[in-house]
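Protein chains in written order, with our numbering: chain G, 729 to 1115; chain X, 36 to 457. C-beta atoms are modelled at their ideal positions from N, C-alpha and C, and glycine is treated no differently. Below is one structure, written out as structure tokens; the observations come after it.
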Amino acid sequence: MLVKPDIAYIEDLAQSGGSDLKKCYQCATCSVICPLSPELKPYPRKEMIWASWGLKGRLAADPDLWLCHQCGDCSVQCPRGARPGDVMAALRGKTIEHFAFPAFMGKLTRHPRYLPILAAISAFFIGVMLLVQQLWEQDAPLLFLGSHFEYEQFLAHKVLILFFFSASFLMVVFAAISASRFWKAMDKLSSGWSTAPVEDLRSSVIGAAMDLIKHSRFHRCDSGKQRRSGHLLVFYGFVGLFVTTSIATVLTFLEYPLNNPDLYPLGWFHPVKILGNAGGIALLAGCFYVWNYRRNSPDHTGESSYSDWFFLALLFMVGATGIFTEVVRLTAVPSILGTPVYVVHLLAVFWLLIFLPYTKFAHIFYRFLAMIHARLNGRRLPDAPAQ
Amino acid sequence: MTENTARSGKDTILVIGGGIAGITAALEAAEVGCNVILVEKEAYLGGRVVRMNQYFPKLCPPTCGLEINYQRIRKNPRIKVLTLSEVSKVAGQKGNFNVTIRIHPRYVTGNAPISRAQLDAISSEIPNDFNSGMDRTRALYMPHDQAFPHLHVLARYALTSEEISRLEETEPREAIDLSAGAETLDVNVAAIIVATGWQPYDANNLDLLGYSSNADVITNIEMERLAARTGPTGGKIIRPSDGREPARVAFVQCAGSRDANNLPYCSAVCCMASLKQARYLRNKLPDASISIFYIDIRTIGRHEEFYYQLLADDHVSFVKGKVARITPEASNLVLDVEDTLGGKLLQESFDLVVLATGVVPNQARHPLPGLDITTDEYGFIVEGVVRNGIYAAGCACRPTDVSRSVKDATAAALRAIQDVRR
């Protein structure tokens, strides 16, 4: 096979965290050191040479990028300082970009120069939403007036749900398109690397889900043990908030609160309330933990790229503004203070939502699919217990 | 050897280091009529080369070549050999260096041969440095069969007070001077040749390769001694742990070399050294299977043929992949490596593992005080364009093999001779 290197791809990879890639001399210390690498076609040595050659399509279809949990052991032990762990992270970013639909959205979160465009999109979204509110509710108050801030008056739940539900739906569709392209690519180029017995679909999905829930693969990383705690906090914080929001949305959709005017605000000890508050606190604490860890990188296991910081900042904004929004309600502050806090919160949530398929956020489904694919193809760790 | 009347002056060259490069430079200069002072820190000449079983590619023992050189030294009154000596200070410039040499006591005078009774008076033992510490030797010892000068050495520090008093009463008393102390010698020389050589990289630094915790993980230096007739086993290749002959032997290339966490450079000789040692094994243990794990096999020039011959040997397998970890399992050692040509992780079990450790310049760890030389970031000497009367040869300049060290030494000698004759 004649290899046609994609020079632009290699250069872009160097820009997004893989700057030491070309130091690699293929000794494979990385593949051996990796506690998660399977016996046949182990990673990340093969990824290092594919990346060196700029084999874009080969790498995009590679499930192994997502079997890596970025512990950084390979980067620590690499005799050349080629930092395979950082290259793997950069390659994951490239995969997300590769399968992004529509394609231009994949680029927007990868460089700070696109921030103004992102801001414009969001301002437009919020603007239209508020305009609809004004047209729908003729007697809605003007933005910054009012002795204290009233959410329902500022933005009716039905408007909120209409917009956010539509945006979510669109993004889930886009994500599904990316996911299906990823799956087809994996099936075409990365099948048959099996050493263990293959599993059926049901067992693969359940097994992969259990791995995600327990972070059991993450747990096998040596250098990254601390990072796992941070990731668990963020992960479960996010899950808590997601479940809370889903329940609230469904209830509102069913007009349950309207028929039960005394439902809101939920009492402090209402299970959904507890879940939401705990989720928010866990998310924030996790963000602090991860932020601090990434800043100091105590074991020098990995460099953080713009995409890492972008996603982390976004999660932090969602958590922080969410808590502020709750404080606004509890303290009944004037609209002039309450409005901006709420608007920023809506913006942060909106960003998180529309970037589901495009930021690092997308790793949640890419990883899940890759883990299912690995199990379907008998690509478990040699000494991992069978399901 | 202890007389402090070394010839010195405008026609004198100082050679620091009595290994193959230093011996060669000293002889080249002395045989055209220069006076030479050859300073060696050990008790005998020969450096790293005398410790080898055979050298590549001809696979001849170093003893015959060294013996010829020793003869030339013996016959040449212009060479002054100072063993157990170190250069402690250098001042001055080309044509006129003032050098201070510190001579440590051997305690053995050479005025009379050491007697059996004297040898028997000592029972304390010290690690045998000649055999890389793989065995021990009495504290009054001949460093090795072919040692030049052929004199015993007394490790006085290791003696008990009873041994000292016994020695004082044993004949011939003039053979040993227990009251000898370190001496200082000041000489004036026109040029200096630095041939301070190398030492093996400390394999204890390679945590994951388990050298410090597994007796059957040895270095290539230790393998030379195991294979040598003058070595700790008389040339039998056996496992240090249980004395068994190994059935499966692994060579781990680049053990510390080409490694940003250890020696970032290629040590240049280890590939050929392992290929050579694989041949020792093929001769001595014909049934043993041998695996060589490598990143790249670097056999330059005509050495390539040496490699091809082993490639054709079905008892020798080559696996392209760096061994990342060695762990003991039962009485064996398991190597973790990826066969990068097949894309498969291997866990292979061996009886004996040889680490191809690299070359560290002595100059890096023991720089010579007052010597105006430039070294690179690893401690290898880089000669400047302007000739300042100080020249370097052999592994003091870069990791290199015996034949190139010899050529280096001749070149350095020529430059030094030009300073003397000017």
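* Coil, strand or helix - aspartate 374 of chain X by DSSP -> In this structure, aspartate 374 of chain X counts as strand in the three-state DSSP scheme.
As an exercise, report each continuous beta strand (DSSP E) stretch of at least 3 residues that is fully enclosed by the region 99 to 164 of chain X, in chain order. Correct list: 114 to 117, 120 to 128, 131 to 138 and 160 to 162.
>> Check whether the region 745 to 764 of chain G and the region 780 to 798 of chain G touch, using three or more Cβ-Cβ pairs below 8 Å as the test.
In response: They touch, by the three-pair rule.
Next item on the list: Could I get the ranges of all uninterrupted beta strand (DSSP E) runs contained in the region 226 to 309 of chain X, with 3 residues as the minimum, in chain order?
Entry: Assignment of beta strand (DSSP E) within the region 226 to 309 of chain X, counting only whole runs of 3 or more residues, yields 226 to 229, 233 to 235, 252 to 254 and 283 to 290 in chain order.
Exercise for the section: Tell me whether asparagine 223 of chain X sits in a helix, a strand or coil according to DSSP, three-state version. Expected result: In this structure, asparagine 223 of chain X counts as strand in the three-state DSSP scheme.
Can we say the region 992 to 1011 of chain G touches the region 952 to 970 of chain G, given the rule of at least three CB pairs closer than 8 Å? Counting Cβ pairs under 8 Å, three or more are found: they touch.
Straight-line Cα distance separating valine 74 of chain X from leucine 117 of chain X: About 5 Å.
Boundaries of the alpha helix (DSSP H) in which asparagine 987 of chain G is found, first to last residue: 984 to 987 is the extent of the alpha helix (DSSP H) around asparagine 987 of chain G.
Which one or two residues does DSSP pair with leucine 380 of chain X in a beta bridge? Looking at the DSSP assignment, leucine 380 of chain X forms a beta bridge with X:Glu373.
Coarse secondary structure for serine 919 of chain G, derived from DSSP in three states
In this structure, DSSP gives serine 919 of chain G a state outside helix and strand, which the three-state scheme calls coil.
Rounded distance between the beta-carbons of threonine 231 of chain X and asparagine 397 of chain X, thought under 8 Å:
The Cβ separation is near 5 Å, so the contact holds.
Between which two residues does the beta strand (DSSP E) containing serine 744 of chain G stretch?
-> Per DSSP, serine 744 of chain G belongs to no beta strand (DSSP E) and is neither H nor E.
**Prompt:** Thinking just about the alpha-carbon of each residue, which of G:Gln862, G:Arg1057, G:Leu819 and G:Glu767 is nearest to the one in aspartate 1036 of chain G?
**Reply:** Of the listed residues, the one whose Cα sits closest to aspartate 1036 of chain G is G:Leu819.
Q. So tyrosine 329 of chain X is in the beta strand (DSSP E); what residue range does that whole segment cover?
A. That run of the beta strand (DSSP E) goes 324 to 329.
Cβ distance (whole Å) where tyrosine 1086 of chain G is taken to contact isoleucine 824 of chain G below 8 Å = About 6 Å; that satisfies the 8 Å criterion.
Rounding to the nearest angstrom, what Cα-Cα distance links alanine 788 of chain G and proline 763 of chain G in this structure?
Between the alpha carbons of alanine 788 of chain G and proline 763 of chain G lies a gap of roughly 23 Å.
*Around the C-beta of asparagine 255 of chain X, are 16 or more other C-beta atoms found within 10 angstroms, so that it is buried, or is it exposed?*
Per the 10 Å Cβ criterion, buried.
Query raised in the report: Quick one: which chain X residues come within Cβ less than 7 Å of serine 759 of chain G?
Result: The contacting residues are Glu373 and Leu380.
Next item on the list: Output yes if chain C places a C-beta closer than 9 Å to the C-beta of isoleucine 330 of chain X; else output no.
Entry: Going by chain labels, chain C is absent from the structure shown, which instead holds the protein chains G and X.
For the 8 Å Cβ check, are there 3 or more pairs between the region 384 to 400 of chain X and the region 289 to 307 of chain X? Under the three-pair Cβ rule at 8 Å, the region 384 to 400 of chain X counts as touching the region 289 to 307 of chain X.
| task | Would you grab the beta carbon distance between leucine 917 of chain G and arginine 786 of chain G for me? Rounded to a whole angstrom, and I think it's under 8 Å. | result | Rounded, the Cβ-Cβ distance is 6 Å, consistent with contact.
Can you have a look at arginine 456 of chain X and say buried or exposed, based on whether 16 or more other CB atoms are within 10 angstroms of its CB?
Flag for arginine 456 of chain X reads exposed.
- Query: Would you say glycine 809 of chain G faces chain X, with C-beta separation under 9 Å as the test?
  - Reply: Interface residue (Cβ-Cβ distance to chain X less than 9 Å): glycine 809 of chain G is classified as such.
Using beta-carbon positions only, say whether leucine 243 of chain X and alanine 365 of chain X come within less than 9 Å of one another. Using a Cβ distance threshold of 9 Å, leucine 243 of chain X and alanine 365 of chain X do not count as a contacting pair.
Looking at the structure shown, is tyrosine 992 of chain G part of a helix, part of a strand, or coil, going by DSSP? DSSP places tyrosine 992 of chain G outside both helix and strand once states are collapsed to three, so it counts as coil.
Measuring alpha carbon to alpha carbon, tell me which residue in X:Ile138, X:Ser326, X:Ile330 and X:Glu257 is nearest alanine 282 of chain X.
Sorting X:Ile138, X:Ser326, X:Ile330 and X:Glu257 by C-alpha distance to the C-alpha of alanine 282 of chain X places X:Ser326 at the top.
Sequence-distant residues of the same chain with beta carbon closer than 8 Å to serine 352 of chain X, five excluded per side: The answer, listed in chain order, is Ser324, Ile325, Ser326 and Ile327.
Item to check | Presumed contact (8 Å Cβ cut-off) between phenylalanine 882 of chain G and tyrosine 1070 of chain G, rounded CB distance | outcome: About 7 Å separates the two Cβ atoms, so the contact holds.
request  = Thinking isoleucine 516 of chain X and alanine 174 of chain X are a contact (beta carbons under 8 Å), I'd like their distance in whole angstroms, please.
outcome  = In this structure chain X extends from 36 to 457, so residue 516 of chain X is not present and cannot be described.
Option in G:Arg1057, G:Ile738 and G:Asp915 with minimal Cα separation from alanine 992 of chain G = For the sequence presented, residue 992 of chain G should be read as tyrosine rather than alanine. Of the listed residues, the one whose Cα sits closest to tyrosine 992 of chain G is G:Arg1057.
Any beta carbon from chain G within less than 9 Å of arginine 293 of chain X's own beta carbon? Yes - at least one Cβ of chain G is within 9 Å of the one on arginine 293 of chain X.
Taking only runs of the alpha helix (DSSP H) that begin and end inside the region 830 to 903 of chain G, which ones reach a length of at least 4 residues, in chain order? When DSSP assignments are scanned along the region 830 to 903 of chain G, the uninterrupted stretches of alpha helix (DSSP H) that are 4 or more residues long and fall wholly within it turn out to be 831 to 836, 843 to 864 and 879 to 882.
Report task. Grab the span of the beta strand (DSSP E) containing proline 363 of chain X for me, first residue to last. Result -> Where proline 363 of chain X is concerned, the enclosing beta strand (DSSP E) stretches over 360 to 364.
(message) For a test of the three-state rule: what should DSSP assign to asparagine 70 of chain X, helix, strand or coil?
(response) Asparagine 70 of chain X falls in the strand class under three-state DSSP.
query: Do the CB positions of arginine 56 of chain X and cysteine 806 of chain G come within less than 9 Å of each other?
result: Residue identity check: residue 56 of chain X is alanine in the sequence provided, not arginine. Going by C-beta atoms, alanine 56 of chain X is not nearer than 9 Å to cysteine 806 of chain G.
### Same chain, Cβ closer than 8 Å to glutamine 312 of chain X, five either side skipped, listed in chain order
Here the set comprises Asn255, Met258, Glu259, Ala262, Phe286 and Val389.
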